[in-house]
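Some notes on the structure that comes next.
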Amino acid sequence: MDRYNSKVIEPKWQKLWEKNNAFKAEIDQTKPKYYVLEMFPYPSGKIHMGHVRNYAMGDVIARYKKAQGFNVLHPMGWDAFGMPAENAAMEKKIHPRTWTEANIRDMKHQLKPMGLSIDWSRELATCDPTYYKQQQALFIDMYNSGLVKRKSSSVNWDPVDMTVLANEQVVEGKGWRSGAPVERKELTQWFFNISDYSEELLTSLNTLSGWPDKVRTMQTNWIGKSFGAEISFNLLEPLNHFKDVKVYTTRPDTIFGMTFLAIAPNHPIAEELAKINEKIADFCHECTNKTVNEETLETTEKKGFLTKLEVRHPFLSNKKLPVFIANFILMDYGTGAIFGCPGHDQRDFEFAQKYNLDIIHVFVSEQSEKISNDGNEKVVLGEGRVINSDFLDGKTTMEARKLVCDKLKEKGNGSYKINFRLRDWGISRQRYWGCPIPMIHCQKCGLIPEKKENLPVLLPEDIDFENPGNPLERHKSWSTVQCPSCNEEAKRETDTMDTFVDSSWYFLRFTSPNEDKPLSQEALNYWMNVDQYIGGVEHAILHLLYSRFFSRALVKTGHIPEKFKEPFDALFTQGMVCHETYRDSNGNWLSPEEVFHEKNGNIRKLSDNSLIEKGPSTKMSKSKRNVVDPKDIIEQYGADTARWFVLSDSPPDRDIEWTEAGVEAAWRHIQRVWRLTKEIIEEGAAASNTNEDEKLEKLRNQAIEKVSKGIETFSFNKSIANLYEFTNSITKSKASKILKIKSVETLAKLMKPMTPHLAEEILQMTSEQLDYEPDTNWPVADPKYLKEDLLILPIQINGKRKAEIKIDSSASEDIIKSETLNNETVKKYLGNNQPKRLIIVPKRIINIVV
RNA sequence: GCGGGCGUGAUGGAACUGGUAGACAUACCAGACUUAAAAUCUGGAGGCCUAAUGGCCGUGGGGGUUCGAGUCCCCCCGCCCGCACCA
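In the working numbering, the protein residues as written are 690 to 1539.
And the structure:
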């Protein structure tokens, strides 16, 4: 018996699809559209299993919707700007463009054999001038609409390489390449005013019902709206022009528990003090010389510096409070200063213990009443009833918050304040390989946007990475230009844009990728929104939040209609692809090809037979060498097998464990379906058996229902389990040949989104048998086969399953009751007693309490 | 540190809104076919006790709500993701 030969069959269908332009998406007003999009990849040069999983999922949706009659848009492109190209340029002396373009070619070659239903005519790369030209036009419009600003912010500075470092390039406080201690440097940079949209981005999350709750929660917390108070504390003795310190707090109700005040090391007052006190200067320098990264800040030891300044408590005129400069206060959040209440804040508590400050409790909560009785050494969190607080005593903490704010307002040294954690989006990058910011600095005219007719501002090709610093900054003939306004010599902006800008509108551009303006209204109106967006959770906040902001910016600049301000109707976040890790006795990581598994569970190294230690399964990564190359898998087993496997074993939103055994199971199933089809076609016509036919027909319809539901709910693993079951059913069925062929045909149609090549091949075979053109429409279940006439109801006695009864689904409760009480097992348990309670959950279960 | 998520047999997982825990698949065991192996097919199987019928235990750990908890609530443990210049 011959086998399903993926090497022959898969290319055959792929060629046919290509010849027929099967996946070309064109506007067709007579059909409903469906836009499915997977997050476009960074062209690293190699497709990895994560991509395969991502695109396999997207393809299931695309092919499913297409079979249902939708006009499907399923495009692909490249997130092609970014640091790795510059790193390659430095390490391998290849131009970033050469490197990137070669990678795109390679990855496309690796992607093609997967047989994805992608409209390649819409392919785009963000590093292509035709793309970034339009992005520059958008930037200029945003600039003119007041969505862009410049302000100072700090960066990680490598003093040896004379370059700005990304957070990931800072390893233990040192530059990854130079090893020099990283400094913090203030630069004037470009920002998008995303914080103007904090409220809007927050409230609109409610409209995103197609998004996972977890992503909406994460964005909510990231935006971080809080209700609190801004309080000014008067300095006992003014410091130059500084007369008070403004503090933002969400807990004004704990004001009487305040025992110190702390300001950020880069707070203006701290900077003022640093000018006159060397020790303070040193301390501030030490604090601010860390990475500009919140995680480092939060996990480093809390330190403070006691200044000579003191502030007055707003309600206790003779209470003086010390002012600290503390390394855990963020200048970017609130006012860059806090009041410390060690009795009710964990961080303040630790700080107070370290510096021997008073700990005053000003409220008790029901659960923690005893804490306040036994010596005041604990932090009481949450809400409660106020104590030790003058006019607030006896109030709830909620009431106290309002009272304090009212009183402060009356006294003129405070007010209610709503605060957001979300900061403006810094888009400046001091790098070559990004979209140039189309702005010109003119001595006379100031900042001027480049004229639109001069776009794109092309990246110069003749650059070198031999010298430290930014190649654009060094490239004088490129950066020297005429001012568009006064024609005097001026300087081009040398910052390029954050790559998140590129990815904030590519999904819009896909609707009209070749237009010589940013977007086409006709195409937008037909194709938008993205009906289903699929990508990793790691993008839950930044990419998705920036895209939501960018859409609003494009509404404001008139590029897209208001109705597309939330561009992604539904979002799905898929899990990672993991593999076990292996280490030899020297602690070196080994790749899966370098080891073999023995039957007894031992793992040995192929080269010298030495015993290998199995590590935990982690995300496939180069550094741990636990990568399986999709290319090898597709060559060995075929695309259908690879696709089937990545969809089969785990729920799509969870991590999947790549196993050799799993792939083989997938391969066996492909072979089995193929063989089954052949066998059915070749078998003689059996005498018809109505009963058997009816049974199979019922299973066929149930399979349609279950598999469709699985796809609709992104439970591909369940659809696949149902397809295994249906395959088993057909194999065992004694139904007539014609019905078995019909069943195999349905099986192929249901499998087609996952294994399109196999499905096409089978449909061709079955249609020859049934003597009609292959029909690839999605099958529809007949509802009459979906209801069960006879139910098996389990009977529990005291919550434990003891028996079951078979009963007609239309049976009344009385009948169920009498049947239950007549059951032998039930009688045995009841004896002569009456049941205490009899609970009948319709169509589910019966529980008897005895 | 903060924010989000996950935890079920030997393994990946299933169990719709609180209602038969372990579908489906893998590994394993037995049988058929074979000179043999592979492939394929058939069957078995959560753990413990029992000859069997049956009983007890069991969804990371501890407690709670309920007639009934993998699912809801509280506390704890472990792992993963994000933390604003990786993409």
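Yeah, the Cβ is synthetic: ideal placement off N, Cα and C, and Gly gets one too.
Straight-line CA distance for residue i to residue j?
i     : j     : result
F1004 : C1030 : 15 Å
R742  : K701  : 23 Å
I1248 : P1207 : It should be noted that the sequence gives His, not Ile, for residue 1248. So the alpha carbons of these two residues sit roughly 8 Å apart.
M1440 : A1448 : 6 Å
E1150 : T1307 : 40 Å
R905  : K1043 : 38 Å
G1520 : I1486 : 13 Å
G1064 : G1023 : Low per-residue confidence applies at G1064: pLDDT is 46, beneath 50, and the placement is therefore not dependable enough to give any value.
V761  : D1297 : 53 Å
E1457 : A1355 : 27 Å
K713  : E812  : 11 Å
S1337 : H1268 : 16 Å
D748  : T819  : 28 Å
W1167 : V1226 : 40 Å
Y724  : S1274 : 51 Å
E1346 : N1315 : 11 Å
K1489 : I1535 : 10 Å
G1123 : A1229 : 23 Å
N982  : P1145 : 34 Å
E967  : E861  : 27 Å
T1455 : T1444 : 16 Å
K1106 : D885  : 16 Å
P1011 : T996  : 7 Å
K1009 : E919  : 19 Å
Closest by CA to residue i, which one among the options?
i     : options                    : result
N1522 : Y723, V1538, V1146, D1021  : V1538
K937  : F1028, E875, K1043, E857   : For the sequence presented, residue 937 should be read as Tyr rather than Lys. Residue F1028 is the option with its Cα nearest to Y937.
E1162 : E1099, V749, D1184         : D1184
S1422 : L1388, F770, L813          : L1388
N856  : I1129, L986, G946          : L986
E1177 : S1201, D1191, E1211, I1137 : I1137
N1045 : I965, M1265, T948          : T948
V1266 : I793, G739, L1482, L726    : G739
Y744  : H974, E1204, E727          : E727
E1450 : L890, K1516, V1362         : V1362
E1513 : P1531, I1504, E1502, E1493 : E1493
D1478 : K1491, D1497, D1460, S1192 : D1497
F828  : T1246, Q1325, E960, T989   : T1246
P954  : K991, P941, E919           : K991
Q1132 : P1125, G1101, E1155, C1175 : C1175
K1525 : P1531, L1510, E775, S1425  : L1510
Tell me whether residue i is buried or exposed, calling it buried when 16 or more other Cβ atoms sit within 10 Å of its Cβ.
i     : result
S1240 : buried
R1198 : buried
R752  : buried
H798  : exposed
I1357 : At residue 1357 the sequence reads Arg, which differs from the Ile that was named. R1357 should be labelled exposed.
K840  : exposed
G1073 : buried
E1211 : exposed
K1313 : buried
M1128 : buried
P1483 : exposed
Let me check one thing: in DSSP terms, what residues is residue i bridge-paired to?
i     : result
I1494 : L1482
C1267 : K1308, E1346
K935  : S921
F1052 : V1075
I1529 : I1535
A814  : W767
K722  : N760
F945  : According to DSSP, which records beta bridges pairwise, F945 is partnered with nothing at all.
S1104 : E919
Along the chain, which unbroken stretches of the beta strand (DSSP E) at least 3 residues long are found entirely within the stretch 969-1006? Counting whole runs of 3 or more residues, the stretch 969-1006 contains the beta strand (DSSP E) stretches 993-1001.
Which runs of the beta strand (DSSP E) fall wholly inside the stretch 1006-1055 and span at least 3 residues, in chain order? 1009-1015, 1026-1029
Fully enclosed by the stretch 845-930, which alpha helix (DSSP H) runs are 4 residues long or longer? 887-892, 902-912
What ranges does the beta strand (DSSP E) occupy inside the stretch 1171-1206, keeping only unbroken runs of at least 3 residues that lie completely in it? Runs found: 1178-1181.
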